[in-house]
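Visitor: Each residue of the sequence shown is one higher than the one before, counting from 5 in the working numbering.
Encoded as structure tokens, here's the structure I'll be asking about.
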Amino acid sequence: MRVHVVSDVHGNVEDLKRAGDGADALVVLGDLIDFVDYHEHDKGILGAVFGPEKVARFAELRRSHRGKEISAYARSLWESLSDPAKVVEDAVRDQYSELFGAMTAPTYATPGNVDAPRLWPEFEREGIHVLDGGSALIGGLRFGFIGGTLLPEGAVLRKHAPWVPYLRPEQEYDDALAALEPLDVLCSHLPPAVPELLYDVVARRPEHGSAALLRRIRTDAPRWSLFGHVHQPLAQRVRVGRTECVNVGHFKRTGRPYVLEW
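Okay, structure coming up:
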């Protein structure tokens, strides 16, 4: 059995069309949307709506970790539009139409934080399975899927903002994970809370990870834990007991799926 796994697609439609070539199934671990393209500022939703110069300024504030200035600058951009929520939703739908259209059957997909999972049912079709808090039998192994990332402690999600990332309160995430049946392969967008898997060597900071994922790995001892989210991790893979924990790669930049065979 051969399964190809991708994560952090961020609008890479052309490589996604070929990601399932030679595989029995394709697994997609989220972040389909290209919202802010930090490499090509004219790309992504912000680039298309506001232009590369404004995205360059946003990217610089983000790199400098200037949180209050980022929030104020983002508000000024959205306030320049008459209906920012509609502009964003239309752009997201346009990207999803291309991205889901590029997936080969059978595909099993779960959303990341840069996704709008409430829209995903519109794009399901025969052979494309959307799973978040559910499981599927693939090649005789039970794959379980949990989407999104964690809402930082003390943070408040602005649910009426033009763009709302898929961030989940920790208890909600943990409860959804706990409801999954025993698994052979644990699929998430978020990594388990292992320091080497969380640290991004380019951003030079750790990303969030899930302690509950790590507990589940230690309890179930699945063959694999597969995830993305951290684009340039200190370690791509770490073994926890008998479980191989693997960051499947930043597909936006590499264009290559991770290959799973058994």
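A virtual CB, placed ideally from N, CA and C, is assigned to each residue, including glycine.
Can you tell me whether DSSP reads residue 29 as helix, strand or coil?
Guide: In the sequence shown, counting from the first residue as 1, residue 29 sits at position 25. Looking at residue 29 - three-state DSSP - the assignment turns out to be strand.
Visitor: Beta-carbon separation of residue 236 and residue 198 under 8 Å?
Guide: For the purposes of this step, residue 236 is taken as residue 232 along the sequence shown, with counting starting at 1. For the purposes of this step, residue 198 is taken as residue 194 along the sequence shown, with counting starting at 1. Cβ atoms of residue 236 and residue 198: not closer than 8 Å.
Visitor: Return helix, strand or coil for residue 244, following the three-state DSSP convention.
Guide: In the sequence shown, residue 244 corresponds to position 240, counting from 1. In this structure, residue 244 counts as strand in the three-state DSSP scheme.
Visitor: Considering only DSSP beta bridges, list what residue 216 is partnered with.
Guide: Your numbering for residue 216 matches position 212 in the sequence shown. Its beta-bridge partners do not exist; DSSP assigns none.
Visitor: Please report the residue range of the alpha helix (DSSP H) in which residue 60 lies.
Guide: One-based indexing of the sequence shown puts residue 60 at position 56. Here the alpha helix (DSSP H) through residue 60 covers 56-67.
Visitor: Taking all protein chains shown into account, decide if residue 234 is buried (16 or more other Cβ within 10 angstroms of its Cβ) or exposed.
Guide: To locate residue 234, count along the sequence shown from 1; it is residue 230. Burial call: buried.
Visitor: Can you list, in chain order, the residues of its chain with a C-beta nearer than 6 Å to that of residue 48? Leave out the 5 residues immediately preceding and following it.
Guide: Here residue 48 corresponds to residue number 44 of the sequence shown, with the count starting at 1. Excluding positions up to five away in sequence, the list reads 38, 39, 40, 41.
Visitor: Can you have a look at residue 175 and say buried or exposed, based on whether 16 or more other CB atoms are within 10 angstroms of its CB?
Guide: Position 171 of the sequence shown, counting from 1, holds the residue named residue 175. Residue 175 comes out exposed.
Visitor: So what does DSSP say about residue 119, is it helix, strand or coil?
Guide: Residue 119 sits at position 115 when you count from the first residue of the sequence shown. Three-state result, residue 119: coil.
Visitor: My output table needs one value for residue 17: the three-state DSSP class, helix, strand or coil.
Guide: As a position in the sequence shown, residue 17 is number 13, starting the count at 1. Of the three classes helix, strand and coil, the one that applies to residue 17 here is helix, per DSSP.
Visitor: Under three-state DSSP, which class holds residue 44?
Guide: Locating residue 44 in the sequence shown gives position 40, where the first residue counts as 1. Three-state DSSP puts residue 44 in coil, outside helix and strand.
Visitor: Kindly indicate which residue of 11, 66, 102, 5 has the alpha-carbon position closest to the one of residue 257.
Guide: Position 253 of the sequence shown holds residue 257. Ranking the options by Cα distance to residue 257, first place goes to 11.
Visitor: In the DSSP assignment, the alpha helix (DSSP H) including residue 82 goes from what residue to what residue?
Guide: As a working mapping, residue 82 is identified with position 78 in the sequence shown. 71-83 is the span of the alpha helix (DSSP H), which, as asked, contains residue 82.
Visitor: Quick one: what's got a C-beta closer than 7 Å to residue 106's C-beta in the same chain, skipping five residues either side?
Guide: Within the sequence shown, numbered from 1, the residue matching residue 106 stands at position 102. Excluding positions up to five away in sequence, the list reads 17, 20, 21.
Visitor: Using the Cβ count rule (16 or more neighbours within 10 Å means buried), how would you classify residue 141?
Guide: What you label residue 141 is simply residue 137 of the sequence shown in a count that begins at 1. With fewer than 16 other Cβ atoms within 10 Å, it is exposed.
Visitor: Please report the distance separating the alpha-carbon of residue 26 from that of residue 248.
Guide: Counting from one through the sequence shown, the residue named residue 26 turns up at place 22. Counting from one through the sequence shown, the residue named residue 248 turns up at place 244. The alpha-carbon atoms of residue 26 and residue 248 are separated by roughly 23 Å.
Visitor: What does residue 265 pair with, by DSSP beta-bridge criteria?
Guide: Counting from 1 along the sequence shown, the entry for residue 265 is found at position 261. Bridge partners of residue 265: 6.
Visitor: Check the DSSP bridge columns for residue 182 and list the partner residues they point to.
Guide: In the sequence shown, residue 182 corresponds to position 178, counting from 1. Beta-bridge pairing links residue 182 to no other residue.
Visitor: Contact check, residue 114 vs residue 145 under 8 Å by CB: the rounded distance?
Guide: Taking the sequence shown and counting its residues from 1, one reaches residue 114 at position 110. Taking the sequence shown and counting its residues from 1, one reaches residue 145 at position 141. Actually they do not touch by this definition, with Cβ atoms about 16 Å apart.
Visitor: Thinking C-beta only, is residue 33 closer than 8 Å to residue 230?
Guide: Here residue 230 refers to the residue found at position 226 when the sequence shown is read from its first residue. Here residue 33 refers to the residue found at position 29 when the sequence shown is read from its first residue. Yes; because the gap between Cβ atoms is below 8 Å, this pair is in contact.
Visitor: Contact check, residue 181 vs residue 150 under 8 Å by CB: the rounded distance?
Guide: Here the question's residue 181 lines up with position 177 in the sequence shown. Here the question's residue 150 lines up with position 146 in the sequence shown. Their Cβ separation, rounded to whole angstroms, is 5 Å, which keeps residue 181 and residue 150 in contact under 8 Å.
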